[in-house]
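In the UniProt record's numbering, the protein residues as written are 1 to 797.
Cβ coordinates follow ideal geometry from the N, Cα and C atoms, glycine included.
Just so you know, these numbers come straight off a predicted model, no measurement behind them.
Have a look at the structure below, then the notes.
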């Protein structure tokens, strides 16, 4: 019985043992198969991760090539469903270059390699459509390919800070990452302008691009965006970020605004929509205007840094005492505490607001006394503002009704700007206004009904009321021109070219004759008509009027508005200066030395018989300084110096170069003129090839001819006294940037006799341009017409 039981147990154990052995063999085969042939789901990742491990140094010890990074997971690697979804080697001291095979990790959602020693170019990763977080900051990568962001449409966070990359731009490929919430690339050699697509990223909260080489304006597309942190400070390029910052007012989510150390201009906009603003830093820009109440009253504000701008108005008083402030350095506030600003200052700031708070005004308007050499402002002895001269300053904006606050104002110059809108009716209420010059702007609407005692100059405003011809404007409207020949047109036949040239020549000759006849026939009629209808603008200080004692550096308008004096001086103590309608003042030699860099050779514009003409820069205004040395001048030169000042005191016309001031030093005589950037007519007629410039077109030649004719007509018959130029030639005709002509060099001008008698005088002028009858017998050519014909001949030939 026992023997049978033993046999049964042995028989039952054999199959069990056999089953166990077979199971072990099967498991071993499975293990061997898995080792020999990885599954399809992990194969691409294993190969790519092995190449990554071989390319890098300092990776964790668990990174073994040939093993599955997900079984078990390598240190710093996270997997999902057998695929690598995250790599985090932040601050591990890893070095090397990222291989192209990284692009095979198609399930990768997060790549964190920040603060290591990785170098070389970044690989293209177009297949990583699942990548959401990319942290590469604090490495030594040197190249980011132009198409680096192509295919990375799932990105939500990008950190590329502190990378020594070659200059690169934010490419349009990044616009596809509509889920992007953070873009940080400070100190990463980012260049170019801020692209418009940044404003179309609906989830963008953090835009941090400081310490780069960005230029240009803030894109208007940022209006309405969800950006909360806007950090664009300290751009390292020469031009930096610039323009106005008005778009901030339409970014209600902002909590942090850092725009310091750029070149932004214009006023700080209304920030009342920024209800969560905490930090506002615009230090070291060129912002102008008054600090808005919406900033000073912001309840959430914790830091405000506004130093080193051109901010104006009253010193800002913040409602919260917990705000950390940096404001008072480098701004132009009109008070320092609780004391109010002068009402004249407040009114002038309202005027500047209409112009958009131009920087040129903010640089000059310092302190609380507008009679202390403020740009464009002239006061009398009673400190009343009597002249405001903002001509030719390239101002935009509108004419502010605040001009009506200056009840003593006599003359208002706003010509040659880009002003739009209406002429305010309130200007008609100025009781002492004598002259309003708004010519050559873009004004529109009805012309207010001014008193008959007010001379209006309205020409050059094509949209202004149709009754502008009766407004008293005396300047001629710019010529509309005529069709000219088109050089280099391959579609014209020889016959058509010849016909066109003949037609143009005929028209030019006809115009020359017409202009000459116009000068002869209309000057008497036009003079009498204007005197009868409009009267003349007084050229000096009216009798019984307080003398002008403070002249601001004014703009150079087309009707003679001048630079004015470069410092204030009481007329009671004046010994060597006289004034011409608050212009043409005596200027110190020290001021001119500063303006011309001590008469540097680099600033030489030309040389003449008695001296040299220099280009100068006075507080941002370009000037031309004619330096006549006394030891070379002699009696003749000194007579011409005095004659030029005497004539230019008495003449004002848009086609005569403007005298801005003079200096009568013991050793030198200097005249200061407006700067004409186009050079001389002679340069364009005789030296255009050597100057590598195109020749004058027929339309430009016609315009120049008309400008010269207007100037001579004015000297002969429209000025308060009649003058003869006597030395008209191409080198004495200066051109501005638009190639509009102005006659210069009045050293030989003589006053014409009323009875027009012949008289003998010294021979003066330049051979070849001097009128023959004047050169032969000394008879005064009372119209300079021979000289005009010579100039016109040069223009036609």
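Using DSSP with H/G/I as helix, E/B as strand and the rest coil, what is residue i?
i: residue 251; result: coil
i: residue 765; result: Only weak support exists for where residue 765 lies, its pLDDT of 44 falling under 50; the value from the coordinates is given anyway. It is coil, neither helix nor strand.
i: residue 49; result: helix
i: residue 267; result: strand
i: residue 679; result: coil
i: residue 669; result: strand
i: residue 716; result: helix
i: residue 73; result: strand
i: residue 317; result: coil
i: residue 613; result: strand
i: residue 393; result: coil
i: residue 469; result: Here residue 469 scores only 38 on pLDDT, less than 50, and its place in the model should not be relied on; the value that follows carries that caveat. Helix at residue 469.
i: residue 674; result: strand
i: residue 798; result: Residue 798 is absent from the structure shown; the chain starts at 1 and stops at 797.
i: residue 699; result: helix
i: residue 117; result: strand
i: residue 66; result: coil
i: residue 450; result: coil
i: residue 661; result: strand
i: residue 329; result: coil
i: residue 103; result: helix
The beta strand (DSSP E) that contains residue i, what's its start and end?
i: residue 140; result: 140-143
i: residue 457; result: 455-457
i: residue 111; result: 110-112
i: residue 154; result: Segment: none, residue 154 is in no beta strand (DSSP E) and carries neither H nor E.
i: residue 343; result: First-last for residue 343: 343-354, but that is the alpha helix (DSSP H), not the beta strand (DSSP E).
i: residue 290; result: 286-290
i: residue 193; result: 191-193
i: residue 606; result: 604-607
i: residue 280; result: 279-281
i: residue 182; result: 182-184
Would you mind working out which of the options sits nearest residue i, comparing C-alpha positions?
i: residue 152; options: 193, 140 and 171; result: 171
i: residue 85; options: 108, 94 and 248; result: 108
i: residue 323; options: 295, 63, 343 and 199; result: 295
i: residue 193; options: 149, 230 and 242; result: 242
i: residue 391; options: 104, 78, 437 and 381; result: 437
i: residue 431; options: 423, 411, 420 and 422; result: 411
i: residue 50; options: 96, 58 and 101; result: 101
i: residue 622; options: 628, 94, 613 and 675; result: 675
i: residue 427; options: 607, 442 and 408; result: 408
i: residue 213; options: 175, 98 and 168; result: 168
i: residue 449; options: 440, 442, 465 and 308; result: 465
i: residue 799; options: 313, 342 and 377; result: There is no way to answer for residue 799, as the model of the chain reaches only from 1 to 797.
i: residue 162; options: 140, 183 and 178; result: 140
i: residue 342; options: 606, 405 and 76; result: 405
i: residue 83; options: 45, 60, 94 and 120; result: 45
i: residue 738; options: 744, 703, 709 and 728; result: 703
i: residue 355; options: 725, 414, 643 and 235; result: 414
i: residue 178; options: 286, 198 and 719; result: 198
i: residue 174; options: 189, 68 and 158; result: 158
i: residue 201; options: 211, 223 and 421; result: 223
If I'm right that residue i touches residue j with Cβ under 8 Å, what's the distance once you round it to whole angstroms?
i: residue 361; j: residue 375; result: 6 Å
i: residue 587; j: residue 662; result: 7 Å
i: residue 122; j: residue 145; result: 7 Å
i: residue 647; j: residue 723; result: 6 Å
i: residue 218; j: residue 186; result: Not really, about 17 Å apart at Cβ, beyond 8 Å.
i: residue 711; j: residue 653; result: 6 Å
i: residue 460; j: residue 439; result: 5 Å
i: residue 254; j: residue 269; result: Going by Cβ atoms, the distance from residue 254 to residue 269 rounds to 12 Å, so no, they are not a contact pair.
What span of residues does the alpha helix (DSSP H) with residue i cover, start to end?
i: residue 236; result: Careful: residue 236 lies outside any alpha helix (DSSP H) and carries neither H nor E.
i: residue 244; result: First-last for residue 244: undefined, no H or E at that position.
i: residue 296; result: 293-296
i: residue 362; result: 359-364
i: residue 433; result: First-last for residue 433: undefined, no H or E at that position.
i: residue 787; result: 785-796
CB of residue i to nearest heavy atom of the ligand GTP: below 7 Å?
i: residue 335; result: The ligand GTP is not part of the structure shown, which contains no ligands of any sort.
In the DSSP output, which residue or residues are listed as bridge partners for residue i?
i: residue 596; result: DSSP output for residue 596 lists no bridge partner at all.
i: residue 421; result: 443
i: residue 323; result: DSSP output for residue 323 lists no bridge partner at all.
i: residue 624; result: 615 and 673
i: residue 742; result: 734
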